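In this note's numbering, the protein residues as written are -12 to 268.
As structure tokens, then:
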């Protein structure tokens, strides 16, 4: 036992009364790095007031805007009054943006389209906020929130802000607090707001009542004219974009665009004085 460190409980009067000994330990990387992250990561300020949050949002502070949206979306009862007070305080600074809703079936290319369109708007001097709604699991309620990862270029643009949110089971393709989130983005100075819905079907179109222009992304070969004339989301759109019109798919995309234009001609326009039209992209 002389070659090893003896335990603190070792009885000096009993040299052979135990069957274990202590050996020098090995320092792990986690032990060496303990506390080092606190030097670089700013700690969460839980005591921020409504006025401080409002001031940060109006100045375009992204961290304050993100915190405000988190409080708005929170289900915690003690956040409700704070969120309502924040909304009322920024309300006079809202209503000066163009709101565009973008919907479509899963896989239609909504995220890719938004990145290209958002980058185009930013290059022309606009400030763009993207509110991307991701579906929540009906089993455990979780959500991947992966839309932002598809918009790497737009996420790095200093004139853009991307906020993914879970649908939390809300029908209609949006989050239950999407309207309130738009108000905060408008107060932060974003003049174009793009709302990406969950991949929806024909009847989920609540986003139409929230936006100035409602766009539907479709794919070629997704049904005939009779399928397109079914009552539902086509009655509510202001424009249809036939996506992925490139390569060998161009002739089919052009034919699909013509079919949708014929359908829109027979449908009553969703917006008075506006005639819906189909495009290829």
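C-beta: ideal position from N, C-alpha, C; glycine also. Note that the structure is a prediction, hence the values are computed from the model and not measured.
Taking the C-alpha atoms as reference points, what is the distance between residue 177 and residue 171?
As a first step, residue 177 is located in the chain shown; it is residue number 190 there, counting from the start. As a first step, residue 171 is located in the chain shown; it is residue number 184 there, counting from the start. The straight-line gap from Cα to Cα measures roughly 9 Å.
Straight-line CA distance for residue 101 to residue 261?
Numbered from its first residue, the chain shown carries residue 101 at position 114. Numbered from its first residue, the chain shown carries residue 261 at position 274. Spanning the two alpha carbons is a distance of roughly 23 Å.
Three-way DSSP call (helix, strand, coil) for residue 138 in this model:
Taking the chain shown and counting its residues from 1, the one referred to as residue 138 is at position 151. In the three-state reduction of the DSSP assignment, residue 138 falls in the coil class, being assigned neither a helical nor a strand state.
From 185, 73, 56, 245, residue whose alpha carbon lies closest to that of residue 94
Here residue 94 refers to the residue found at position 107 of the chain shown. Nearest C-alpha to residue 94: 185.
Indicate whether residue 162 and residue 205 have their beta-carbon atoms separated by less than 8 Å.
As a first step, residue 162 is located in the chain shown; it is residue number 175 there, counting from the start. As a first step, residue 205 is located in the chain shown; it is residue number 218 there, counting from the start. Contact flag unset, no.
8 Å Cβ cutoff met for residue 58 and residue 70:
By one-based count along the chain shown, residue 58 stands at place 71. By one-based count along the chain shown, residue 70 stands at place 83. Taking 8 Å as the Cβ cut-off, residue 58 and residue 70 qualify as a contacting pair.
Check whether the Cβ of residue 170 lies closer than 7 Å to any heavy atom of the ligand GTP, and answer yes or no.
Absence of the ligand GTP is noted for the structure shown, with no ligands found whatsoever.
Taking its Cβ as the centre, do 16 or more other Cβ atoms sit within 10 Å of residue 136, making it buried, or is it exposed?
Here residue 136 refers to the residue found at position 149 of the chain shown. Result: exposed.
My understanding is that residue 86 touches residue 199, with C-beta atoms under 8 Å, so please give their C-beta distance in whole angstroms.
Your numbering for residue 86 matches position 99 in the chain shown. Your numbering for residue 199 matches position 212 in the chain shown. Right, their Cβ atoms sit about 5 Å apart.
Would you give the residue range spanned by the beta strand (DSSP E) that residue 267 belongs to?
For the purposes of this step, residue 267 is taken as the residue at position 280 of the chain shown. Here the beta strand (DSSP E) through residue 267 covers 264 to 267.
Beta strand (DSSP E) containing residue 183: first to last residue?
Residue 183 sits at position 196 when you count from the first residue of the chain shown. Note, residue 183: beta strand (DSSP E), 179 to 183.
Outcome for residue 245 when other beta-carbon atoms lying within 10 angstroms are tallied against a minimum of 16:
Your numbering for residue 245 matches position 258 in the chain shown. Exposed, by the Cβ-count rule.
Beta carbon of residue 317, beta carbon of residue 167: below 8 Å?
One cannot answer for residue 317 here, as it falls past the ends of the chain, which runs -12 to 268.
Cβ neighbours of residue 25 in the same chain (closer than 7 Å, five flanking residues each side left out):
For the purposes of this step, residue 25 is taken as residue 38 along the chain shown, with counting starting at 1. Caution applies to residue 25, whose pLDDT of 47 falls short of 50 and renders its modelled position unreliable; the value that the coordinates give is listed next. Counting only Cβ-Cβ distances below 7 Å, and skipping sequence neighbours, we find nothing.
What do you reckon, are the CB atoms on residue 77 and residue 44 nearer than 8 Å?
To locate residue 77, count along the chain shown from 1; it is residue 90. To locate residue 44, count along the chain shown from 1; it is residue 57. It is a contact, given that the beta carbons lie within the stated cut-off.
Going by DSSP, name the residue or residues bridged to residue 200.
Within the chain shown, numbered from 1, the residue matching residue 200 stands at position 213. In DSSP, residue 200 forms a bridge with 87.
Since residue 37 and residue 73 are thought to touch, with beta carbons under 8 Å apart, how far apart are those beta carbons, to the nearest angstrom?
Position 50 of the chain shown, counted from the start, is the residue given in the question as residue 37. Position 86 of the chain shown, counted from the start, is the residue given in the question as residue 73. Taking 8 Å as the upper bound for CB-CB distance, residue 37 and residue 73 are in contact here, some 5 Å apart.
For a test of the three-state rule: what should DSSP assign to residue 64, helix, strand or coil?
Position 77 of the chain shown, counted from the first residue, corresponds to residue 64. Residue 64 falls in the helix class under three-state DSSP.
Leaving out the 5 sequence neighbours to the left and right, which residues in its chain are closer than 6 Å to residue 266 when beta-carbon positions are compared?
In the chain shown, counting from the first residue as 1, residue 266 sits at position 279. If we look at residue 266 and ignore the five residues flanking it on each side, its Cβ neighbours are 228.
Can you tell me which of 255, 138, 115, 251 puts its alpha carbon nearest to the alpha carbon of residue 47?
Here residue 47 corresponds to residue number 60 of the chain shown, with the count starting at 1. Residue 47 has its Cα closest to that of 115, out of 255, 138, 115, 251.
Taking the alpha-carbon positions, what's the residue 169 to residue 254 distance?
Your numbering for residue 169 matches position 182 in the chain shown. Your numbering for residue 254 matches position 267 in the chain shown. If I take the Cα positions, the gap works out to 30 Å.
Span of the beta strand (DSSP E) holding residue 228?
The residue you call residue 228 lines up with position 241 of the chain shown. 226 to 229 is the span of the beta strand (DSSP E), which, as asked, contains residue 228.
Could you spell out the range, first to last residue, of the beta strand (DSSP E) harbouring residue 121?
Locating residue 121 in the chain shown gives position 134, counting from the first residue. Unbroken beta strand (DSSP E) run through residue 121: 115 to 121.
Taking DSSP as the reference, what is the three-state secondary structure of residue 30?
Within the chain shown, numbered from 1, the residue matching residue 30 stands at position 43. Only weak support is given to the placement of residue 30: the predicted model assigns it a pLDDT of 48, under 50, and the question is left unresolved by the model.
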